[in-house]
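First up is the structure itself, then whatever we jot down about it.
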Amino acid sequence: MIREIDFRRNNFVVSADYKTLPDNQPPQIIKQGHGRVALILIPGVYSGNDPFGAFIARNESKYKFYVVTPPGLNGTPARPLLRIIAWASAALLMSFALTMAIALGIKAPLGYGVFTAVSGALLLGAVANPGLAQRSEANLAPNQVADINKIRPTL
C-alpha cells in the first residue's frame, strides 16, 4: 500500500476568489541541502506537503536539493486553466494535423481546417487573460471593470 497518497484533497476545486499564478512567475522552488551535486525533486499530485523530507534529511550533505512543486499542487497557486487548455489543444491539434499530412498528404489537414484550428488555439493561448476567464463583470469593483474595458479589443 502506498502511504503518501492523500485522497482527502481535490486540487481542482477552488474558491471564487482564487488567485492564479501569473505566467511570468516561476513555480514554488525550495532549495535545501549543501552538497556539491544538484538534484531536482518534483512531488506528485497526491504526495502531500513533505514527500521528500526524510530523504533530504539523510542526504543533505551529499546533495543540493531543489524541490520544484508544480503550480496547483500541495496548496500552491495553479496556472490559469484557459491558457493551459489552449496550448494543450494547439499541441494536440498539431500532432493530429502532422499525422494526417504524413498518412494522407498535406491536402487532408488543409481541407479539414486542422491548421486553422491550431492557429485559433495558439491565438487563444496568446491573448487569454486568466482573470477574465474565471470572473464576470458583475462580481468586479468599478475600477476593475474599467481595467477590463481598456484591454478588451474594439470591433
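End of the sequence shown sits at 572 in our numbering; the numbers just go up one at a time, nothing left out. Cβ coordinates follow ideal geometry from the N, Cα and C atoms, glycine included.
First and last residue of the uninterrupted beta strand (DSSP E) at residue i
i, result
"Ile447", "445-449"
"Lys481", "480-486"
Member of the options whose CA lies at the smallest distance from the CA of residue i
i, options, result
"Tyr435", "Pro468, Thr493, Ser536, Gly452", "Thr493"
"Tyr483", "Ser464, Leu458, Leu515", "Leu458"
"Gln442", "Pro497, Gly530, Ile502, Leu541", "Pro497"
"Glu477", "Val462, Ala503, Gln449, Asn491", "Gln449"
"Pro591", "Val454, Gly452, His451, Ile447", "Here the chain has residues from 418 to 572 only, and residue 591 is not among them."
"Gly537", "Ala525, Ala520, Trp504", "Trp504"
Terminal residues of the alpha helix (DSSP H) in which residue i lies
i, result
"Phe469", "Looking at the DSSP string, Phe469 is not in any alpha helix (DSSP H), and its letter there is neither H nor E."
"Lys524", "524-528"
Beta-carbon gap between residue i and residue j smaller than 8 Å
i, j, result
"Ala543", "Phe532", "no"
"Pro444", "Thr486", "yes"
"Lys481", "Ala455", "yes"
"Met511", "Val535", "yes"
"Leu539", "Ala507", "yes"
Residues that DSSP places opposite residue i in a beta bridge
i, result
"Val462", "DSSP, once it has assigned bridges, lists no residue as partnering Val462."
"Tyr435", "According to DSSP, Tyr435 bridges with nothing at all."
"Ala514", "Ala514 is not bridged to any residue."
"Ala455", "Lys481"
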